[in-house]
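Student: According to this note's numbering, the stretch in the sequence shown is residues 1 to 246, in order.
Glycine included, C-beta positions come from ideal geometry on N, C-alpha and C.
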Amino acid sequence: MSSLRDKVALITGASSGLGAETVRLFSRKGATVFGIARDSDRLAEVFADVETGAYRSLDVGSASACRDAVERCVAQFGQLDALINIAGRHQMRRTEAVTDEDWAEDLAVNLNGPFYLCRAALPHLLARGGAIVNVGSVAGVEGQAYSAGYCAAKHGLIGLTRALAVEYTADRLRVNAVCPGGMLTPQLEQFTAPAGADFDLIMRTASPRGMMQPLDVAKVIAFLASDDAVAVHGAVYRVDNGKGAG
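1. Who are the near neighbours of residue 199 in its chain, counting only those whose CB is closer than 6 Å to its CB and skipping five residues on each side?
2. Determine contact between the stretch 167 to 178 and the stretch 123 to 132, defined as no fewer than three beta-carbon pairs at a distance below 8 Å.
3. For residue 19 and residue 86, which I take to be in contact (beta-carbon distance under 8 Å), what is that distance rounded to the nearest angstrom?
4. Have a look at residue 264 and residue 230 and give me their C-alpha separation to the nearest angstrom.
5. Could you tell me which of 227, 35 and 241 sits nearest to residue 215, measuring between CA atoms?
6. So, with DSSP's three-state summary, where would you put residue 109?
7. Ignoring anything shorter than 4 residues, give me the alpha helix (DSSP H) runs that lie fully in the stretch 124 to 178, in order along the chain.
8. I think residue 178 touches residue 220, with their Cβ atoms under 8 Å apart; what is that distance to the nearest whole Å?
9. With a threshold of 16 other CB atoms inside 10 Å of the CB of residue 201, please say whether the residue is buried or exposed.
10. For the candidate residues 195, 204 and 243, whose alpha-carbon lies nearest to that of residue 212?
11. Any idea what DSSP makes of residue 191, helix, strand or coil?
12. Take residue 37 as the anchor and find which of 22, 56, 26 and 45 has the nearest alpha-carbon.
13. Between the C-alpha atoms of residue 183 and residue 75, what's the straight-line distance to the nearest angstrom?
14. According to DSSP, is residue 11 helix, strand or coil?
15. What does the alpha-carbon distance come out to for the pair residue 194 and residue 89?
16. According to DSSP, is residue 114 part of a helix, a strand, or is it coil?
17. Distance check for residue 93 and residue 137, CA to CA, integer angstroms please.
18. Is the separation between the beta-carbon of residue 117 and that of residue 73 shorter than 7 Å?
19. Name the DSSP beta bridge partners of residue 180, please?
20. Assign residue 13 to buried or exposed, taking buried as 16 or more other Cβ atoms, counted over all protein chains shown, within 10 Å of its Cβ.
21. Output yes or no for whether 7 Å exceeds the beta carbon distance between residue 44 and residue 58.
22. Measuring straight from C-alpha to C-alpha, what distance separates residue 123 and residue 226?
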């Protein structure tokens, strides 16, 4: 089992779903976790089960808030070994109905936030020989109906991952991405399709093996953040329950 003992990890989207499951798994594996998300009440519930860690409520779409989160994490725990960008937003809309505000929010949460956090964390991660794991989506490697903003942002996140991997090839830093398929999360429970949507198009995103549990994906994230993945750099892992097999 990959150990994360003596590592400090900053995890976004930590209040629910995959983010919360990743916080709990990292804690069980010995990591100190600094979690960030918008919902402070749900963060408090998650961190009630965390042995060593702290959390902060913030909007990852704010560059200054992301910089402050990294500074607070390092000030409190003395180091930063892993940045796990999980926070995401996905609301299906017909493209002609997408507002400027919708588009800006999709990019802010799914792409801008990870970039701001990477930029702020890089000096600390480089000093520690740390790891970045960006959580994309199968929508980051293929198209999905009614998801123009989400797909654009997640494709951008994969591009960011690969760009950083190339730029820091000569350093000890490792940068990878995980692209999950459908998971049984609270976000799924809030799913609504646009009026008159073609469900055949929507179901093209489904795996023949059904939905995954968040823990299934969290285990891959933990591996990539651990020293067991020392030779993994610039990889994009599809964790999609067989959807991409053909």
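Tutor: Let me spell this out:
1. Counting only Cβ-Cβ distances below 6 Å, and skipping sequence neighbours, we find nothing.
2. Three or more Cβ pairs drawn from the stretch 167 to 178 and the stretch 123 to 132 lie within less than 8 Å of each other, which places the two stretches in contact.
3. Rounded, the Cβ-Cβ distance is 4 Å, consistent with contact.
4. In the structure displayed, the chain extends from 1 to 246; residue 264 sits before or after that span and is not available.
5. Looking from the CA of residue 215, the closest CA among 227, 35 and 241 belongs to 241.
6. In the structure shown, residue 109 sits in a helix (DSSP, three-state: H, G or I).
7. Entirely contained in the stretch 124 to 178, the alpha helix (DSSP H) runs reaching 4 residues are, in chain order, 148 to 167.
8. The Cβ separation is near 6 Å, so the contact holds.
9. Classification of residue 201: exposed, given that the 10 Å Cβ count is below 16.
10. Of 195, 204 and 243, the smallest CA-CA separation from residue 212 is found for 243.
11. Correct three-state label for residue 191: coil.
12. Of the candidates 22, 56, 26 and 45, the residue whose Cα lies closest to the Cα of residue 37 is 56.
13. In this structure, the straight-line span from the alpha carbon of residue 183 to that of residue 75 is close to 34 Å.
14. In the structure shown, the three-state DSSP call for residue 11 is strand.
15. Straight-line spacing of the CA atoms in residue 194 and residue 89 works out to 16 Å.
16. Helix.
17. Between residue 137 and residue 93, the C-alpha separation is close to 17 Å.
18. Contact: no.
19. Beta-bridge pairing links residue 180 to 239.
20. Result: buried.
21. No, Cβ-Cβ distance for residue 44 and residue 58 is not below 7 Å.
22. Answer to the nearest angstrom: the Cα atoms are 19 Å apart.
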